[in-house]
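First residue of the sequence shown? That's 1 in full-length UniProt numbering, and the numbers climb one at a time after it.
Where a beta carbon is used, it is the ideal one built from N, C-alpha and C, also for glycine.
For clarity, every value in this text was computed on a predicted model and none was experimentally measured.
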Amino acid sequence: MERPSRRQQSRIAFELTEDHFRLKDVLMVIDLPASTYHYYMAQKANNPKDYPLEQLIQKIFNDSNETYGYRRITLALRNLGYCVNHKRVQRLMQKLGIKCMKFFHKSRRYNSYKGKVGKVASNRVNRRFTTSIPLQKLVTDVTEFKCLKDEKLYLSPVMDLYNSEIIAFKIAKRPTLDIALEPLTEAISRIERHAPYRTTIHSDQGWHYQHRAWINCLKEHGIYQSMSRKGNCLDNSPMENFFGLLKQEMYYGQDKVPFNELKCRIENYIHFYNNDRIKVKLSGLSPVNYRKQATQSRA
């Protein structure tokens with residue numbers, strides 16, 4: 001059997017280090033001098049054929065608000081028709097010096113619970129958060145942001161667990177009943193047009209969701225109500241995860257801004273999240289693109 005060339009040995013060594021083998025051990029086993037390995041790796045790093053791909057990787061990273069790591073960038077490239085290995089993408093990102101920056105910040109969670117002020121529903125969803133049916137299972141909640149001049153901003157979205165799409169939301173300065181009812185009404189208009197199966201909407205035990213107006217609205221439109229157990233945020237983890245993602249990618253680490261500016265940023269982020277931000281669990285598609293592709297395949 002013909003012995004591999006030094007270039008081939010260097011490539012093999014590089015691939016093994018990508019799989020977390022120590023370079024020193026690899027070079028010893030394949031009997032390759034370190035100087036030879038680094039010579040060929042320097043040539044590889046300066047390969048002009050990589051330049052167009054580097055430019056595209058940089059653009060995808062910038063378009064994602066610098067939130068994509070190498071896995072999502074690889075999926076985005078494949079969606080554009082590029083057959084590229086994730087290890088190559090990771091190497092080029094390291095060469096370009098681009099890295100997904102994440103701000104971890106534990107803030108006080110908004111709590112709308114005011115005791116038993118109305119009817120508490122059973123936990124129908126019971127952490128069964130997956131479904132293959134659009135609009136079968138929805139989740140909702142309210143979260144709080146801080147603005148300039150001690151102002152606060154409240155966001156109340158409704159998410160479809162079929163594809164994690166935010167199908168309705170409202171932003172307000174105060175967490176009034178309308179912040180829950182308005183997105184519910186918007187979601188109902190979509191349910192009546194497109195839901196193939198009876199809908200269940202899940203929330204925590206906040207006062208909005210115990211209110212007579214909320215309960216009557218659900219009954220009027222034949223929607224099942226489901227509630228988390230008291231003080232158990234894991235019972236509504238998809239919504240909590242969305243809030244964490246949103247704040248991590250566009251809020252934490254930023255200076256406080258006026259209410260209207262933050263409102264605009266959140267609206268833009270939700271549009272980006274729904275239409276452009278790819279999800280690994282959705283086969284590398286955004287929530288909206290996943291829904292559209294599924295609709296076309298059923299047609």
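Spatial distance of residue i from residue j (CA atoms)
i                 : j              : result
lysine 173        : histidine 211  : 20 Å
arginine 11       : tyrosine 51    : 19 Å
glutamate 186     : methionine 159 : 12 Å
aspartate 204     : alanine 168    : 18 Å
valine 280        : glutamate 165  : 14 Å
isoleucine 171    : arginine 198   : 27 Å
serine 283        : asparagine 289 : 10 Å
histidine 20      : arginine 6     : 21 Å
serine 297        : glutamate 54   : 34 Å
phenylalanine 243 : arginine 277   : 15 Å
residue 341       : leucine 155    : Absent from the structure is residue 341, since the part of the chain shown begins at 1 and ends at 299.
arginine 190      : glutamine 225  : 17 Å
tyrosine 39       : arginine 22    : 18 Å
asparagine 126    : glutamate 182  : 25 Å
Buried versus exposed, by CB contacts within 10 Å (16 or more), residue i
i              : result
proline 258    : exposed
alanine 180    : buried
threonine 137  : Before going further, note that residue 137 is lysine rather than threonine in the sequence given. Answer is buried; the Cβ neighbour count reaches 16.
arginine 3     : exposed
glutamine 94   : exposed
histidine 194  : exposed
threonine 176  : exposed
histidine 208  : buried
asparagine 163 : buried
leucine 148    : exposed
methionine 28  : exposed
arginine 128   : exposed
proline 33     : exposed
Supposed contact pair residue j and residue i - C-beta distance, whole angstroms, cut 8 Å
i           : j             : result
lysine 263  : leucine 153   : 6 Å
leucine 161 : threonine 140 : Contact doesn't hold; Cβ gap of about 11 Å is too wide.
alanine 13  : isoleucine 30 : 6 Å
valine 89   : threonine 74  : 5 Å
Which listed residue (the options) has its alpha carbon closest to that of residue i
i              : options                        : result
alanine 76     : Ser286, Gln293, Lys292         : Ser286
leucine 80     : Leu56, Gln90, Asp63            : Leu56
tyrosine 269   : Val89, Ile60, Glu249, Ser226   : Glu249
glutamine 8    : Asn62, Ile98, Leu245, Tyr37    : Tyr37
asparagine 123 : Cys100, Thr295, Asp235, Gly253 : Asp235
cysteine 100   : Lys119, Gly69, Arg128, Val125  : Gly69
glycine 231    : Leu53, Glu66, Gly206, Ala213   : Gly206
alanine 294    : Pro134, Val89, Ile266          : Pro134
isoleucine 98  : Asn65, Gln58, Gly118           : Gln58
isoleucine 201 : Met227, Gly118, Val84          : Met227
valine 120     : Glu144, Trp214, Leu155, Lys49  : Trp214
glutamate 240  : Phe61, Val142, Ile266, Tyr251  : Val142
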